[in-house]
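Chains as they are written, first to last, in the numbering used here: chain A, 1 to 430; chain B, 1001 to 1084; chain C, 2001 to 2216. All residues carry an ideal CB built from backbone N, CA and C; glycine is no exception.
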Amino acid sequence: MPKRIFITGYGIISCIGSNIPENLNSLMRSAPGTGPLLHVDTILRDEVLVGEVPKTHQELFELAGVAPVEGYSRNALLGIIAATEASAHGRLGENTGLKTGLISATTVGGMDRCELFYKDFLENDSRNIYIDSYDCADSTEKIAARLGIHDFVTTISTACSSAANAIMLGARLIRNGRLDRALVGGCESLTKFHLNGFNALKILDKEPCKPFDQHRAGINLGEGAAYLVIESEESMLKTRNTPLCELAGWGNACEAYHQTASSPDGEGAFMAMKAALEMSGLKPADIDYINAHGTGTDNNDLSEGRAIERLFGDRIPKVSSTKPFTGHTTSAAGSTEAILSVFCLLYQVIWPNLNFTERISELGFTPVEKLLTGIPVNAVMSNSFGFGGNDTSLIFRKVNASNANNVNNADNADNANNAGNAGNAENIEN
Amino acid sequence: MDELINKLKKEVIEQLNLEEISPDDIDPDSSLFGEGLGLDSIDALELIVLLEKNYGIKIEDPKDGKKIFHSIRTMAEYITEHKK
Amino acid sequence: MELLITSYSHLHDNKVVVNDRLVFYQENILKFADFIKSVYKQEQITYPKFYKMDFMSKTGFLAAELLLKETTVAGYCPESVGVILSNSSSSLDTDIAHNETIKNRSGYFPSPSVFVYTLPNIVIGEICIRNNFKGENAFFISETFNGKLLVDYVEELFINKRVEACLCGWIEVLGNNCNALMALVENSELRQQQADGNYKPIPFNAENLNLIMSRN
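Written out as structure tokens, the structure is:
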């Protein structure tokens, strides 16, 4: 029987909070984090609404615990902040005899500083240290150095499915014995570069985005970083970590349809979700909630909605997109939403699809409109689809007495609390 | 109008990198998308850029592109009407 | 299960080698744009979308075309053919082109078709669209060519039956420098057709990938 993979730690920074408790708190209050753009100088500044982490470069240095020196991109700092939180939670610093890897996703890389200092690069040598930070792998190397991870370090870049693919790759390396545990996820900072690019594609909404709504008008781009610690059962016997939940399945497929557009029938999304479901051994009816890719574009939401209808028939699980909370954090979206999905299992809640008013006429279902609490959530599917037709679906399952086997004390909410003072769902709602 | 149509043909070929197509291959009345030149949604966005860059015409809603970019002739008519 | 490289192509320094045979070489091409267009013309491929691609996609597309000419993957179902690629500069070549269009307020005309290619994995999308491959795909970025990573990842896909055939390789294009290796990996038990009769498949491992990279 293939090795089971468990999540034993997590860390996140996004526009709704700088750590796990803050993010959970914002979600419980249904409080989105999108707003006007402050930290990027672009011609589009007054025309976009974004999910920007409300911190200056200096503040990010402080949060990361890094002395403010040259050469750190915003992207790397966001990555270090979330990775450090996850690493502490999953106790990566202990049991150093275990084979430990880092798989980090990013696409825009350290573009943010390079845009700022581009003129300096041409005119003088004062900022040349940032040229190295442009490289996608730079943030990964900095995180690895900071946390002392060196058994396996790599960067993955498949657009908006990148971080989900990083989780998938980490799980595979554990399964085939190359690693015992891994820190997996992604980071992305807002840049002039991709704001202008997405704007040229005419898929940015100037208002708060409305996924799965008949009148949806596009994306709110966001930024942030999110990492998870995943490990095998054997590894957990040594680390004594308790699992937050199990990573029960994954699937990835290529649509072979168009460079950026999804096919009208959502073939790629369908194939990815189906593969993940088959691997998990769960039936469609076992999925309690789908954290959809749900970007808010005409094309994605209809295509993804059709794929969901095709796979789940007339028993469609609860569905929502959490992008109205966080913005679309592109290469960090897969791991950001993985953590939001893990929250659902831990606290038995389902996040609302904010800003929804009217069902898409071509679809037969509507997303969850209000926060649902106190309902059984045992399995969650999280979708991440990227340009290039790269579609990934992950399934997270609650660990309970019936499927725990050798897993350490499976009272996973206890472990969740170790992350900080997140408290329980009830406290936060009050 | 004919002059504008010929100019547009060249501009469209350049903007969309239609290397193996010459202006004479394009019938001003035949459809640019689907069966015609086989253009796609990204090409439609490129044509919006072309109108703005070369003629100072801004199209805010890409959905309007469908009508405007039906053929070279409809493009030429739109330009004549809206050119500043 | 034995995995084999049943066909490969290697493009670099104005040369194209397919299955150990030199199929294109012209000494004095100075621009990469001219090189890649000459290869396309020589191969007599009709695919107008080729001209719309950025240089990295053109390169990956041609690398796949060249090796698939020597063999066939038609017997595999689309969902079982994967594409796993890597490089060191990501999409930097096209990032620069996009940046040129947005850096100043005058002449600010970002091109949607350029921006689309500022993602390294679009080259995989182009190959999949052309050949109707629908299996797993991933794009890795590492400082230098990492054959072991590719072998580890692709082996895993075969072991878990996620793929029955897989294109994998390294597509590095920046300015006028190009180094592109594409290999078709098949399971010896599932191979449906003898590939290029003159080419003897070799075991799929990091040593052999490195050897091809350095030899041609």
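Going by DSSP, what residue range makes up the beta strand (DSSP E) through Ser2009(C)? Leu2003 to His2012
Which stretch, first to last residue, makes up the beta strand (DSSP E) that contains Thr239(A)? It is not in any beta strand (DSSP E) - Thr239(A) instead sits in the alpha helix (DSSP H) that spans Glu233 to Thr239.
Candidates Thr191(A), Gly109(A), Pro284(A) and Lys202(A): closest to Val297(A) by CA position: The sequence given here has Thr at residue 297(A), not Val. The residue with the shortest Cα to Cα distance from Thr297(A) is Lys202(A).
Leaving out five residues before and five after Lys398(A) in sequence, what residues of the same chain have Cβ atoms less than 6 angstroms from its Cβ? Cys245, Leu345 and Asn378
Quick one: is Phe2109(C) buried, meaning 16 or more other Cβ sit within 10 Å of its Cβ, or exposed? exposed
In terms of residue numbering, what span does the alpha helix (DSSP H) encompassing Lys1009(B) cover? Asp1002 to Gln1015
Alpha-carbon spacing of Ile2127(C) relative to Val2081(C), whole angstroms: 11 angstroms
What does Ile1042(B) reach in chain A if we use C-beta pairs closer than 9 angstroms? Leu201, His258, Gln259, Thr260 and Ala261
Taking only beta carbons into account, state which residues of the segment 1053-1065 of chain B come closer than 8 angstroms to chain C, listed in chain order. Lys1053
Note down the Cα distance separating Pro243(A) from Phe6(A), rounded to an integer number of angstroms. 6 angstroms
Report the residue from Ser2111(C), Leu2085(C) and Ser2086(C) whose alpha carbon sits nearest the alpha carbon of Ile2096(C). Ser2111(C)
Give me the residue from Tyr130(A), Ala166(A), Val53(A) and Asn383(A) with the minimum Cα distance to Leu38(A). Val53(A)
For Tyr2047(C), does the count of other Cβ atoms within 10 angstroms reach 16, so buried, or fall short, so exposed? exposed
From which residue to which residue does the beta strand (DSSP E) around Leu44(A) run? Counting along the chain, Leu44(A) falls outside any beta strand (DSSP E), and DSSP gives it neither H nor E.
Tell me, which residues are paired with Ala137(A) by DSSP? Beta-bridge pairing links Ala137(A) to no other residue.
Can you give me the Cβ contacts of Phe134(A) inside the same chain, cut-off strictly under 7 angstroms, excluding the 5 residues immediately before and after it? Here residue 134(A) turns out to be Tyr, not Phe, going by the sequence shown. The answer, listed in chain order, is Gly109, Gly110, Met111 and Cys114.
Select from Asn124(A), Gly249(A) and Phe212(A) the residue whose C-alpha is nearest the C-alpha of Asp286(A). Gly249(A)
Compare the Cα-Cα distances from Ile43(A) to each of Asn300(A), Phe193(A) and Thr106(A) and report the closest residue. Phe193(A)
Going by alpha carbons, who is nearest to Cys187(A) out of Ser104(A), Gly93(A), Ser321(A) and Asn19(A)? Ser104(A)
Looking at Val229(A): is its Cβ nearer than 8 angstroms to the Cβ of Gly90(A)? yes
Use the C-beta contact count for Gly2135(C): other C-beta atoms within 10 angstroms, 16 or more gives buried, fewer gives exposed. buried
Between which two residues does the alpha helix (DSSP H) harbouring Thr326(A) extend? Lys323 to Thr326
Which partner residues of Pro36(A) appear in the DSSP bridge assignment? Leu49(A)
Does Ser2113(C) get closer than 8 angstroms to chain B when you measure Cβ to Cβ? yes
Neighbour-count burial assignment, Asn421(A), 16 or more Cβ in a 10 Å radius: Unreliable placement is indicated for Asn421(A), whose pLDDT of 42 sits below 50; the coordinate value is still reported in the next sentence. Asn421(A) is exposed by the Cβ-count criterion.
Taking only three categories from DSSP, how would you classify Phe385(A)? strand
Who pairs with Val2154(C) in a beta bridge, going by DSSP? DSSP lists no partner for Val2154(C).
Using DSSP's beta-bridge definition, name the partner residues of Pro376(A). DSSP, once it has assigned bridges, lists no residue as partnering Pro376(A).
DSSP three-state call for Ile1072(B): helix, strand or coil? helix
Does DSSP classify Tyr257(A) as helix, strand or coil? coil
Are at least three pairs of beta-carbons, each pair with one atom in the segment 1061-1074 of chain B and one in the segment 273-290 of chain A, less than 8 angstroms apart? no
Rounded to whole angstroms, what is the Cα-Cα separation between Ser2188(C) and Phe2158(C)? 11 angstroms
Quick check on Pro2110(C) - is its C-beta less than 8 angstroms from some C-beta in chain A? yes
What residue does the alpha helix (DSSP H) around Lys2058(C) start on, and which one ends it? Phe2055 to Leu2068
Using only the alpha-carbon positions, how far apart do Ile1079(B) and Leu1051(B) sit? 8 angstroms
Identity of the residues DSSP links to Met2182(C) by a beta bridge: Ser2009(C) and Gly2169(C)
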